[in-house]
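Engineer: Residue 4 is where the sequence shown starts when you use the working numbering, and the numbers rise one by one after that.
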Amino acid sequence: MNQAALTPNAHPLVDNSEALAGLLKAAGDPLRLQILQVLAQNSYGVSELARIFDVRQSGMSHHLKLLTGAGLTTTRREGNSIYYRRAIVVPGQPLAELQRALFNSVDQNSLSDAVAEQCRTIAAERAEASQQFFAANADKFRAQQDLIASYPVYGEQVTQLLNNTPVKNTYLALEVGPGQGEFLPVLGKRFAHVIALDNAEPMLEHSRAAAEASGLNNIEFIHGDTTELAAHKVLADCVVMNMVLHHTPSPADIFKDLSRALTPGGALVVTELCRHEQDWARENCGDLWQGFDPADLTQWAQDAGLEDGQSMFIALRNGFQVQLRQFFKP
4 MNQAALTPNA HPLVDNSEAL AGLLKAAGDP LRLQILQVLA QNSYGVSELA RIFDVRQSGM
64 SHHLKLLTGA GLTTTRREGN SIYYRRAIVV PGQPLAELQR ALFNSVDQNS LSDAVAEQCR
124 TIAAERAEAS QQFFAANADK FRAQQDLIAS YPVYGEQVTQ LLNNTPVKNT YLALEVGPGQ
184 GEFLPVLGKR FAHVIALDNA EPMLEHSRAA AEASGLNNIE FIHGDTTELA AHKVLADCVV
244 MNMVLHHTPS PADIFKDLSR ALTPGGALVV TELCRHEQDW ARENCGDLWQ GFDPADLTQW
304 AQDAGLEDGQ SMFIALRNGF QVQLRQFFKP
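1. Could you tell me the alpha carbon to alpha carbon distance between Ala-203 and Leu-98, rounded to whole angstroms?
2. Quick check on the DSSP output: the beta strand (DSSP E) that includes Tyr-87 runs from which residue to which?
3. If you count every other CB in all the chains shown that lies within 10 Å of the CB of Ala-13, and 16 or more means buried, which is it?
4. What residues match up with Gln-326 in a beta bridge as DSSP calls it?
5. Specify the secondary structure class of Pro-169 as computed by DSSP and reduced to three states.
6. For the segment 240–264, which segments carrying the alpha helix (DSSP H) assignment without a break, of at least 4 residues, lie completely within its bounds, in sequence order?
7. If you draw a straight line from the C-alpha of Gln-281 to the C-alpha of Trp-292, how long is it?
8. For the segment 97–116 against the segment 24–40, do three or more pairs of beta-carbon atoms, one drawn from each stretch, fall closer than 8 Å, so that the two count as touching?
9. Give the single residue among Lys-171, Pro-205, Ala-213 and Glu-208 whose Cα lies nearest to the Cα of Val-189.
10. Are the Cβ atoms of Phe-316 and Gln-324 separated by less than 8 Å?
11. Output the boundary residues of the alpha helix (DSSP H) element that contains Ala-29.
12. What separation, rounded to the nearest whole angstrom, lies between the Cα atoms of Ala-30 and Gly-72?
13. Considering only the beta carbon of each residue, do Asn-167 and Ala-195 sit closer than 8 Å?
14. Can you tell me whether Pro-33 is buried or exposed? The criterion is at least 16 other CB atoms within 10 Å of its CB, across all chains shown.
15. Tell me which same chain residues have a C-beta within less than 6 Å of the C-beta of Ser-217, skipping the five on either side of it?
16. Quick one: what's Asp-201 bridged to in DSSP?
17. Just to check my reading of the structure: Ser-262 and Leu-309 have Cβ atoms closer than 8 Å, yes? What is that Cβ distance to the nearest angstrom?
18. Going straight from the alpha carbon of Pro-267 to that of Pro-205, what length do you get?
19. Assuming contact is defined by CB atoms lying nearer than 8 Å, are Asp-299 and Phe-330 in contact in what I supplied?
20. Using only alpha-carbon positions, find the residue among Ala-43, Ser-84 and Arg-123 that is nearest to Gln-111.
21. Who are the Cβ neighbours of Val-179 in its own chain at under 6 Å, not counting the five residues just before and after it?
22. Per DSSP, Glu-231 forms a beta bridge with which residues?
23. Do you know how far the Cα of Leu-75 is from the Cα of Pro-181?
See the structure below:
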């Protein structure tokens, strides 16, 4: 009789030699290890990565083909472009522990000043493009949002989620990208003080007008982005971000910025599009990303030291789906 049949909980051996060889080959190059490190923080196209590392685009394509074939990177299409990001480790999958150990080792290294500077430059260029769009289209914002998911579609549900979100204190709330200011009254009633943060001054003016119309006198408006929260010494009991993440140049960095701006025991509530293939939204609505898989948000939150909470999903008639997510800072 086979020995495995006599041993409780025994599992038959699986030959992963080809997958293992592919993973080791892909990881056996210093440049590819640096690519994995950069892709942990953001998604980039081939030309952007070639620019970051100052290599030919054809050479970068070869490196990415090896990494993707080994399951270390994944791709997603954004309009006419394909972006690469580091793969999410799936527990229980073959070589998952080796993949996790590899990523952990890679993340211990420091990026060169030149590579880090190129990453910052590309992020700044993406942010500038987004700001220019909203500055030029602030008066059309509501109509553009209505094409995808207007506030009435998710407002009641996110209010319910917020009301069911336990926080230790209700002194300060932060809303990132308040848009037309529709959610500020909800926050203003529950929290003693509210900060509205937006990197587009025309959009902030819309929020100010909405706050005045609602008679709110506990709202502070800050023109800037999440990287400036530390300078403003913001430490919030709750952070809300509604339909903002797909406009940001580096979603993973947003989670890290917001985690630092949360008090221990604080909560982050995110309303965001699920991944979609309607690329017209990029041109018409200023979207940098075509939504996100729920696993993306979970991974970014975990990397930022946040724990997953409740999730809600809303299916829309126009083919989009909205995810409402809750995260907590231990």
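All C-beta atoms, glycine included, are put in the ideal place defined by N, C-alpha and C.
Small disclaimer: the values here were computed from a predicted structure and weren't measured.
Structural biologist: According to the structure shown:
1. Stepping through the sequence shown from its first residue, residue 203 is reached at position 200. Stepping through the sequence shown from its first residue, residue 98 is reached at position 95. Each residue's Cα considered, the two are about 45 Å apart.
2. Walking along the sequence shown from the start, residue 87 turns up at place 84. Per DSSP, Tyr-87 belongs to the beta strand (DSSP E) from 84–89.
3. In the sequence shown, counting from the first residue as 1, residue 13 sits at position 10. Summary for Ala-13: the model assigns pLDDT 44, below 50, so the residue's position carries little reliability; its value from the coordinates is reported in the next sentence. So Ala-13 ends up on the exposed side.
4. Counting from one through the sequence shown, the residue named residue 326 turns up at place 323. Looking at the DSSP assignment, Gln-326 forms a beta bridge with Glu-275 and Phe-316.
5. Stepping through the sequence shown from its first residue, residue 169 is reached at position 166. In the structure shown, Pro-169 sits in coil (DSSP, three-state: anything other than H, G, I, E or B).
6. 254–263
7. Position 278 of the sequence shown, counted from the first residue, corresponds to residue 281. Position 289 of the sequence shown, counted from the first residue, corresponds to residue 292. Answer to the nearest angstrom: the Cα atoms are 11 Å apart.
8. yes
9. Against the sequence shown, residue 189 aligns to sequence position 186. Of the candidates Lys-171, Pro-205, Ala-213 and Glu-208, the one whose C-alpha sits nearest the C-alpha of Val-189 is Ala-213.
10. The sequence position of residue 316 within the sequence shown is 313, counting from 1. The sequence position of residue 324 within the sequence shown is 321, counting from 1. In this structure, Gln-324 lies closer than 8 Å to Phe-316 by Cβ.
11. Locating residue 29 in the sequence shown gives position 26, where the first residue counts as 1. Segment 20–30, the alpha helix (DSSP H) holding Ala-29.
12. If you number the sequence shown from 1, residue 30 lands on position 27. If you number the sequence shown from 1, residue 72 lands on position 69. Each residue's alpha carbon lies about 12 Å from the other.
13. As a first step, residue 167 is located in the sequence shown; it is residue number 164 there, counting from the start. As a first step, residue 195 is located in the sequence shown; it is residue number 192 there, counting from the start. No, they are not a contact pair.
14. Start at 1 with the first residue of the sequence shown, and residue 33 comes out as number 30. Classification of Pro-33: exposed, given that the 10 Å Cβ count is below 16.
15. Counting from one through the sequence shown, the residue named residue 217 turns up at place 214. These residues qualify, in order along the chain: Pro-188.
16. For this step, residue 201 is matched to residue 198 along the sequence shown. Note: Asp-201 sits in a beta bridge opposite His-226.
17. Taking the sequence shown and counting its residues from 1, the one referred to as residue 262 is at position 259. Taking the sequence shown and counting its residues from 1, the one referred to as residue 309 is at position 306. Contact flag correct, Cβ pair sits at about 6 Å.
18. Taking the first residue of the sequence shown as 1, we reach residue 267 at position 264. Taking the first residue of the sequence shown as 1, we reach residue 205 at position 202. Each residue's Cα considered, the two are about 33 Å apart.
19. Translated into positions along the sequence shown, residue 299 becomes position 296. Translated into positions along the sequence shown, residue 330 becomes position 327. Cβ atoms of Asp-299 and Phe-330: not closer than 8 Å.
20. Along the sequence shown, one-based indexing puts residue 111 at 108. Per the Cα distances, Ala-43.
21. To locate residue 179, count along the sequence shown from 1; it is residue 176. For Val-179, where only same-chain residues beyond five positions count, the Cβ hits under 6 Å are Leu-200, Met-244 and Val-247.
22. Your numbering for residue 231 matches position 228 in the sequence shown. Partner(s): none; Glu-231 has no beta bridge.
23. In the sequence shown, counting from the first residue as 1, residue 181 sits at position 178. In the sequence shown, counting from the first residue as 1, residue 75 sits at position 72. Roughly 36 Å between the two C-alpha positions.
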